[in-house]
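Engineer: To start, I am sharing the structure in question, which I have written as structure tokens.
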Amino acid sequence: MSNKATIEVNGQKHEFPLVTGTENEVAIDIKTLRGVTGGVTTIDPGYKNTGSCESGITFLDGEKGILRYRGYSIEELAEKADFLEVAYLLIFGELPNQDELDKFHSDIKAQSIVDEDVKKILDAFPKSAHPMGVLASLTSALTAFNPTSVNVDSEDEMYNAIVRILGKFPVLVAWTLRKKKGLPLDYGDKSLGYVENILKMMFKQPNEDYDLSPILVNALDKLLILHADHEQNCSTSTVRIVGSSHAGLFASISAGISALWGPLHGGANQAVLEMLEAIKEDGGDTKKYMSKAKDKDDPFRLMGFGHRVYKNFDPRAKIIKSAADEVLSDLGIEDPILDIAKSLEQEALNDDYFVKRKLYPNVDFYSGIIYRGMGIPTEMFTVMFALGRLPGWISQWKEMRLRKEPIGRPRQIYTGENLRPFVDIKNR
Ligand code: ACO
Numbered sequence: 001m002s003n004k005a006t007i008e009v010n011g012q013k014h015e016f017p018l019v020t021g022t023e024n025e026v027a028i029d030i031k032t033l034r035g036v037t038g039g040v041t042t043i044d045p046g047y048k049n050t051g052s053c054e055s056g057i058t059f060l061d062g063e064k065g066i067l068r069y070r071g072y073s074i075e076e077l078a079e080k081a082d083f084l085e086v087a088y089l090l091i092f093g094e095l096p097n098q099d100e101l102d103k104f105h106s107d108i109k110a111q112s113i114v115d116e117d118v119k120k121i122l123d124a125f126p127k128s129a130h131p132m133g134v135l136a137s138l139t140s141a142l143t144a145f146n147p148t149s150v151n152v153d154s155e156d157e158m159y160n161a162i163v164r165i166l167g168k169f170p171v172l173v174a175w176t177l178r179k180k181k182g183l184p185l186d187y188g189d190k191s192l193g194y195v196e197n198i199l200k201m202m203f204k205q206p207n208e209d210y211d212l213s214p215i216l217v218n219a220l221d222k223l224l225i226l227h228a229d230h231e232q233n234c235s236t237s238t239v240r241i242v243g244s245s246h247a248g249l250f251a252s253i254s255a256g257i258s259a260l261w262g263p264l265h266g267g268a269n270q271a272v273l274e275m276l277e278a279i280k281e282d283g284g285d286t287k288k289y290m291s292k293a294k295d296k297d298d299p300f301r302l303m304g305f306g307h308r309v310y311k312n313f314d315p316r317a318k319i320i321k322s323a324a325d326e327v328l329s330d331l332g333i334e335d336p337i338l339d340i341a342k343s344l345e346q347e348a349l350n351d352d353y354f355v356k357r358k359l360y361p362n363v364d365f366y367s368g369i370i371y372r373g374m375g376i377p378t379e380m381f382t383v384m385f386a387l388g389r390l391p392g393w394i395s396q397w398k399e400m401r402l403r404k405e406p407i408g409r410p411r412q413i414y415t416g417e418n419l420r421p422f423v424d425i426k427n428r
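Using the working numbering, the first residue of the sequence shown is number 1, and each one after it goes up by one.
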């Protein structure tokens, strides 16, 4: 195969090199396009055909349903690793040995106190505030309370910022939930594992001990691993682009949280549950909603189905589907919402509209069901996604900084008015 692509503009041919990744993905390197063509650019709304960077973190093949972090398959990681090991792997590139993992965990624990004044900010939010908005604000506020973590250049400074956010973020997540439930804010227990501590911080009642359920720890560990990274999706691209202005890790993560909030991205897990509840309220007629989803005059979409990249199946959905079955049967949960979910899944998998468009259940279709089984309120689902995605955002931000990527600044094709004279207000 030739290692060049030719683009002809206004009768002039220009050659551009091809870039080939380690999994043989090929891209046309158009870095010089504007220069050699005298200002011609490309247009690709939604970036469906645009690679924004080279990255050594996550590989996914949407056609084949493959997802790997640093070369390790998601199936193997979900089965054999825990979330903190996966976080280390994503951020530093290799699986940690026991000493490295212990040091990483102890550095995180040393940074797991959040300034008491952050509670005042949290207190100022109404109870009705959406937890994603609260989390984005509190994460952004961390910048003010940790000014040394803002302008980081060296790897040491980056490490300090990384362990800080990994220590404080779960506290903010737990506080966001506790505020919603009207429970006193708590700091958890340093003697516990990372994920165990998260569960305790979230669910401990003030007047009783908290018994950790191994089923819940295992389910949450798996869920967080499955969400830990997904290459250049909307929120990760946001983190990289905000970070490319050297705005700092906490500000970049806060922007990523806002991007994740939307129902077409991380907010889909909340939207799935709300959709299932609405179907139940409306008599549980799944066929009616299947028809609505297929009707082009109806804006309704089947939440939790389809994916921008996976056009075969979502490998995370396969893993989480069996985890969902396990958790719900272990916890003895019977829920009419689940029956509706199962009917929709079966109908969609056998429906021409969905089959033709390769619309399969995605990870969010099942994750919401597990979160509900765990007793997490629906509005908190996307916050749980953010908790899982944190190591991915961090690793992508770190890679972008270490590769000294330029500030993200796309071009546009202007389609507005041409130059026109100003019209005085009395003549308009
Ligand atoms: N229900 C019904 N029809 C759908 C759905 C759906 N969930 N998703 C896509 N389609 C249809 C579209 O109407 C379109 O049909 P057409 O070709 O006849 O016009 C076709 O399938 C292609 O859809 P696009 O929107 O072009 O696909 P895109 O790749 O841009 O969108 C997305 C992917 C946003 C995920 C979409 O499938 C969707 O909205 N799904 C529901 C929301 C959801 O579950 N999001 C979570 C994504 S996973 C994550 O963020 C972790």
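Cβ atoms here follow ideal geometry from the backbone N, Cα and C, with glycine treated the same way.
Here the structure is a predicted model, which is why all the values come from computation and not from measurement.
1. The beta strand (DSSP E) that contains E8, what's its start and end?
2. Using the rule of at least 16 other Cβ atoms within 10 Å of the residue's Cβ for burial, across every protein chain shown, is N146 buried or exposed?
3. Give the DSSP-derived three-state secondary structure of R411 in the structure shown.
4. Tell whether a beta-carbon distance below 7 Å holds between L390 and F169.
5. Look at the alpha carbon of S52 and the alpha carbon of S106, and state the distance between them as a whole number of angstroms.
6. First and last residue of the beta strand (DSSP E) that includes D61?
7. Is DSSP giving I319 helix, strand or coil here?
8. Regarding G71 and the ligand ACO, is the C-beta to nearest heavy atom distance less than 6 Å?
9. What separation, rounded to the nearest whole angstrom, lies between the Cα atoms of R177 and M202?
10. For S73, which three-state DSSP category applies?
11. Specify, as a first and last residue, the run of the alpha helix (DSSP H) that A27 falls within.
12. How would you write the range of the beta strand (DSSP E) that Q12 sits in, first residue to last?
13. What is the DSSP secondary structure of R178, counted as helix, strand or coil?
14. Skipping 5 residues on each side, what residues in its chain have a beta carbon closer than 8 Å to that of G375?
15. Closer than 7 Å by C-beta to P17: which residues in its own chain qualify, once you throw out the five before and the five after it? Chain order, please.
16. DSSP puts L67 in a beta bridge; with which residues?
17. Are the Cβ atoms of P220 and K179 separated by less than 7 Å?
18. Between S140 and G11, what straight-line distance do the alpha-carbon atoms span, to the nearest angstrom?
19. Leaving aside the five residues before and after L302 along the sequence, list all residues of the same chain whose C-beta is less than 6 Å from its C-beta, in chain order.
20. Taking DSSP as the reference, what is the three-state secondary structure of L125?
21. Following a CB-centred definition, is D435 positioned closer than 6 Å to any heavy atom of the ligand ACO?
22. Are the CB atoms of I319 and A78 nearer to each other than 7 Å?
23. Could you give the first and the last residue of the continuous alpha helix (DSSP H) run that contains G266?
24. Who does F305 pair with in a DSSP beta bridge?
25. Just mark L429 as buried or exposed, buried being the case when its beta carbon has 16 or more other beta carbons within 10 Å.
26. On the DSSP letters alone, give me the boundaries of the alpha helix (DSSP H) that Q430 sits inside.
27. What first and last residue would you give for the alpha helix (DSSP H) that runs through C53?
28. Hey, out of E54, T22, I333, whose CA is closest to K404's CA?
29. Any chance the region 338–352 sits against the region 264–280, with 3 or more Cβ pairs inside 8 Å?
30. Would DSSP call H246 helix, strand or coil?
31. Mapping the DSSP letters down to three states, classify R431 as helix, strand or coil.
32. Considering only C-alpha positions, which residue in the set L223, D229, N427, W397 is nearest to Y366?
33. Would you identify the three-state DSSP class for R428, choosing helix, strand or coil?
Structural biologist: If we stick to the structure as given:
1. It spans 4–9 - the beta strand (DSSP E) in which E8 sits, taken as one unbroken run.
2. Buried, since its Cβ has 16 or more Cβ neighbours within 10 Å.
3. Correct three-state label for R411: coil.
4. Contact: yes.
5. Computed Cα separation, rounded: 35 Å.
6. Per DSSP, D61 belongs to the beta strand (DSSP E) from 58–61.
7. Reduced to three states, the DSSP call for I319 is helix.
8. Not so, every heavy atom of the ligand ACO lies at least 6 Å from the Cβ.
9. Checking the sequence, you will find Leu at residue 177 rather than Arg. When the Cα atoms are used, L177 and M202 turn out to be separated by approximately 7 Å.
10. Three-state DSSP puts S73 in a strand.
11. Judged by DSSP secondary structure, A27 falls outside any alpha helix (DSSP H) and instead within the beta strand (DSSP E) spanning 26–28.
12. Annotation: the continuous beta strand (DSSP E) that includes Q12 extends over 12–20.
13. Residue state for R178 is assigned as helix, using DSSP reduced to three classes.
14. Here the set comprises F203.
15. So the list reads N3, K4, D29, once near-sequence residues are dropped.
16. Answer is L60, bridged to L67.
17. Note on residue identity: the sequence assigns Leu, not Pro, to residue 220. It is not a contact, given that the beta carbons lie outside the stated cut-off.
18. Roughly 51 Å between the two C-alpha positions.
19. Excluding sequence positions up to five before and after L302, its CB lies within less than 6 Å of the CB of A293, all in the same chain and listed in chain order.
20. A small fix is needed here, since residue 125 is Phe in this sequence, not Leu. It is coil, neither helix nor strand.
21. Nothing about residue 435 can be reported from this structure: the residues present for the chain run from 1 to 428 only.
22. With respect to A78, I319 sits close: the two C-beta atoms are nearer than 7 Å.
23. Neither: G266 is in no alpha helix (DSSP H) and is coded neither H nor E.
24. According to DSSP, F305 bridges with P361.
25. In the structure as shown, the chain begins at 1 and stops at 428. Residue 429 is therefore absent and cannot be evaluated.
26. No answer is possible for residue 430: the residues shown for the chain start at 1 and end at 428.
27. Here C53 belongs to no alpha helix (DSSP H), and DSSP marks it neither H nor E.
28. Ranked by how close their Cα comes to the Cα of K404, the residues E54, T22, I333 have E54 in first place.
29. Verdict: yes, contact present.
30. Of the three classes helix, strand and coil, the one that applies to H246 here is coil, per DSSP.
31. The structure shown has nothing for residue 431, since the chain only spans 1 to 428.
32. Comparing Cα positions, the closest option is L223.
33. Correct three-state label for R428: coil.
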